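Student:
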Amino acid sequence: MRRTNPGVLGRRNLLAMPALLLAAGAAQADAWPTRPLRMVVPYTPGGGTDNLGRLVARQLAEKLRQSVVIENRGGAGGNIGATVAAQASDGHTLLFTGNGIAISDLLFRNPGFDWRRDFIHVVRFASTTMLLVVNPAVPAQNLAEFIAYARANRDKLNHGTPGAGTSQHLAAELFDDMAGTRIIHVPYRGTGPSVAGLLAGEVEVMFASVSAVESFVREGKVRALATTAARRARAWPDLPAIAEALPGYAAELWYTMAVPARTPEANVTILENAARDVMADQAFGQLLMERGFEPDFLGSRALTSALEADAALWGPALRRIGIRSE
């Protein structure tokens, strides 16, 4: 039996160690994310997108073992922040947005990005109905009374939105078209400022994300009259859907995450899987519902198809309303 010289074996192991360490180091360097992620929210703080984005950021940070830093870049109906994210080349930028991005090219001649070409749409986390809410100074106590009051006061009521072209703006325009009303649009630089305008009486009406106004509804500071979903919302069973008075009306918000199109496929997969794990947590799902969001997960492929379908739905509606790209 041949004996191996322990000294020779030890020297061989020592010689092999640097190569093993280099391989381990390379594998570690290839792990993604390798540093904190930047999550661009294309609206000012305080709105539904910002609120949910912060909840998601904390959960993703745990799953990915890297901090996720929120960067609010509001303005131009979400276009400024989306453009910033589309142009990012650092490999660690996310965009937390919504289905409004799918009609950016229908509303703006040059939004600064192409939502199909410049992004990979990774995940839908949740959806929510919007609420038709009014300042208490408005005498209408229910949806039917509001429609009658708005018809009798054309051009005398104002509605606030986070900006031109946002889902809230379109919900109001669709309402005007179907109800035969004319409520003047007042765009703000985000949901937070528009809610402040409603509370101060600068505007009398809002089609608002639930998370942005729910506490004020509960406190009696604003009055909720209806939801914008196609049918009564599970979280608001006592409120009628606008569709009950205006058949065919529907306008919902989705909350989605995208990355620049140049992001490597492997990193997209890591991100999608982490998001899937976040949404599988029942406690997190319950938290979303408590905050006014409906957990509504879609992965990348299904989300991309859903955004295409949403764009196809709104195209004819925008033409009928008379909204053209600017």
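For what it's worth, our numbering labels the leading residue of the sequence shown as 106, then goes sequentially. Yeah, the Cβ is synthetic: ideal placement off N, Cα and C, and Gly gets one too. Being a predicted model, the structure only gives us computed values, none of them experimental.
Does the distance from the CB of Ala-379 to the CB of Met-362 come in under 8 angstroms?
Tutor: Residue mapping note: residue 379 aligns to position 274 of the sequence shown, counting from 1. Residue mapping note: residue 362 aligns to position 257 of the sequence shown, counting from 1. Result no, Cβ atoms of Ala-379 and Met-362 do not sit closer than 8 angstroms.
Student: Closer than 8 angstroms is the cut-off here; do at least three beta carbon pairs connect the stretch 418 to 430 with the stretch 239 to 259?
Tutor: no
Student: DSSP state of Trp-419, grouped into three classes?
Tutor: On the sequence shown, residue 419 is found 314 positions in, with the first residue counted as 1. Trp-419: helix per DSSP, three-state reduction.
Student: Tell me which same chain residues have a C-beta within less than 6 angstroms of the C-beta of Arg-337, skipping the five on either side of it?
Tutor: If you number the sequence shown from 1, residue 337 lands on position 232. Within the same chain, Arg-337 has close Cβ partners Ala-346.
Student: Find the nearest neighbour of Asn-204 within the set Tyr-360, Ser-430, Gln-387 and Gly-427, judged by alpha-carbon distance.
Tutor: Taking the first residue of the sequence shown as position 1, residue 204 is located at position 99. Among Tyr-360, Ser-430, Gln-387 and Gly-427, the Cα nearest to that of Asn-204 is on Tyr-360.
Student: Tell me which same chain residues have a C-beta within less than 8 angstroms of the C-beta of Ser-430, skipping the five on either side of it?
Tutor: Along the sequence shown, read from residue 1 onward, the residue named residue 430 stands at position 325. Cβ within range, chain order: Asp-210, Leu-211, Leu-212, Phe-213 and Arg-214.
Student: Among Gln-164, Ile-185 and Glu-167, which residue has its Cα nearest to the Cα of Arg-294?
Tutor: Within the sequence shown, residue 294 is the residue found at index 189, counting from 1. Nearest option by C-alpha distance: Ile-185.
Student: Any idea if Glu-333 is buried or exposed, counting beta-carbon neighbours within 10 angstroms, 16 or more meaning buried?
Tutor: Stepping through the sequence shown from its first residue, residue 333 is reached at position 228. Note on identity: in this sequence residue 333 is Thr, with Glu being the wrong assignment. Flag for Thr-333 reads buried.
Student: With respect to the alpha helix (DSSP H) encompassing Gly-186, which residues constitute its N-terminal and C-terminal limits?
Tutor: Within the sequence shown, the letter at position 81 stands for residue 186. Element bounds for Gly-186: 184 to 192.
Student: Classify Val-174: buried if its beta carbon has 16 or more other beta carbons within 10 angstroms, exposed otherwise.
Tutor: On the sequence shown, position 69 is the one that residue 174 refers to. So Val-174 ends up on the exposed side.
Student: Is the separation between the beta-carbon of Gly-158 and that of Ser-314 shorter than 8 angstroms?
Tutor: Working through the sequence shown from its first residue, we reach residue 158 at position 53. Working through the sequence shown from its first residue, we reach residue 314 at position 209. No. Outside cutoff.
Student: In this structure, does DSSP put Pro-298 in helix, strand or coil?
Tutor: Indexing the sequence shown from 1 puts residue 298 at position 193. In the structure shown, Pro-298 sits in a helix (DSSP, three-state: H, G or I).
Student: Skipping 5 residues on each side, what residues in its chain have a beta carbon closer than 6 angstroms to that of Thr-409?
Tutor: Looking up residue 409 in the sequence shown gives position 304. Cβ neighbours of Thr-409 beyond the five flanking positions: His-226.
Student: Should Ser-194 be listed as close to the ligand SAH, given that the test is whether its C-beta is under 7 angstroms from any heavy atom?
Tutor: Absent from the structure shown: the ligand SAH. Ligands present: none.
Student: Note down the Cα distance separating Thr-266 from Arg-221, rounded to an integer number of angstroms.
Tutor: Here residue 266 corresponds to residue number 161 of the sequence shown, with the count starting at 1. Here residue 221 corresponds to residue number 116 of the sequence shown, with the count starting at 1. If I take the Cα positions, the gap works out to 25 angstroms.
Student: Between the alpha carbons of Phe-398 and Ser-316, how many angstroms are there, rounded?
Tutor: On the sequence shown, residue 398 is found 293 positions in, with the first residue counted as 1. On the sequence shown, residue 316 is found 211 positions in, with the first residue counted as 1. Distance between the alpha carbons of Phe-398 and Ser-316 is about 7 angstroms.
Student: Taking Thr-332 as part of the beta strand (DSSP E), name the residues at either end of that continuous run.
Tutor: As a first step, residue 332 is located in the sequence shown; it is residue number 227 there, counting from the start. Where Thr-332 is concerned, the enclosing beta strand (DSSP E) stretches over 328 to 332.
Student: Can you tell me where the beta strand (DSSP E) with Ile-206 in it begins and where it stops?
Tutor: Numbered from its first residue, the sequence shown carries residue 206 at position 101. For Ile-206, no beta strand (DSSP E) encloses it, and the DSSP letter there is neither H nor E.
Student: Are the Cβ atoms of Val-503 and Val-238 separated by less than 8 angstroms?
Tutor: The structure shown has nothing for residue 503, since the chain only spans 106 to 431.
Student: Is the beta carbon of Ala-340 sitting closer than 8 angstroms to the one on Ala-348?
Tutor: Looking up residue 340 in the sequence shown gives position 235. Looking up residue 348 in the sequence shown gives position 243. Not closer than 8 angstroms, so no.
Student: In the DSSP assignment, what are the bridge partners of Gly-397?
Tutor: Locating residue 397 in the sequence shown gives position 292, counting from the first residue. The partner list for Gly-397 (beta bridge, DSSP) is empty, contrary to what the question assumes.
Student: Out of Thr-139, Asp-155, Leu-344 and Phe-230, point me to the one whose CA is closest to Leu-403's CA.
Tutor: Along the sequence shown, read from residue 1 onward, the residue named residue 403 stands at position 298. Of Thr-139, Asp-155, Leu-344 and Phe-230, the residue nearest in Cα terms is Phe-230.
Student: Ordered along the chain, which non-local residues of its own chain (more than five positions away) have a Cβ less than 6 angstroms from that of Asn-156?
Tutor: By one-based count along the sequence shown, residue 156 stands at place 51. Answer for Asn-156: Ser-316, listed in chain order.
Student: Assign Thr-139 to one of two classes, buried (16 or more other C-beta atoms within 10 Å of its C-beta) or exposed (fewer than that).
Tutor: Indexing the sequence shown from 1 puts residue 139 at position 34. Exposed is the call here.
Student: Helix, strand or coil: which one does DSSP assign to Ser-68?
Tutor: Absent from the model: residue 68. The displayed extent of the chain is 106 to 431, so no value can be given.
Student: For Gly-427 and Ala-329, what's the separation of their Cα atoms in angstroms?
Tutor: Indexing the sequence shown from 1 puts residue 427 at position 322. Indexing the sequence shown from 1 puts residue 329 at position 224. Whole-angstrom Cα-Cα distance: 28 angstroms.
Student: At the level of alpha carbons, what is the spacing between Asn-263 and Leu-376?
Tutor: For the purposes of this step, residue 263 is taken as the residue at position 158 of the sequence shown. For the purposes of this step, residue 376 is taken as the residue at position 271 of the sequence shown. When rounded, the distance between both Cα atoms is 41 angstroms.
Student: Per DSSP, what are the beta-bridge partners of Ala-346 in this structure?
Tutor: As a working mapping, residue 346 is identified with position 241 in the sequence shown. Answer is Thr-332, bridged to Ala-346.
Student: Using the rule of at least 16 other Cβ atoms within 10 Å of the residue's Cβ for burial, across every protein chain shown, is Gly-130 buried or exposed?
Tutor: Position 25 of the sequence shown, counting from 1, holds the residue named residue 130. The pLDDT assigned to Gly-130 is 41, lower than 50, so where the model puts this residue is not dependable; a value taken from the coordinates is nonetheless given after this. Exposed: under 16 other Cβ atoms inside 10 Å.
Student: With 16 as the cutoff for other CB atoms within 10 Å, does Thr-374 come out buried or exposed?
Tutor: Position 269 of the sequence shown holds residue 374. So Thr-374 ends up on the exposed side.
Student: Helix, strand or coil for Ser-272? Go by DSSP, reduced to three states.
Tutor: For the purposes of this step, residue 272 is taken as the residue at position 167 of the sequence shown. Ser-272 sits in a helix when the DSSP states are folded into three classes.
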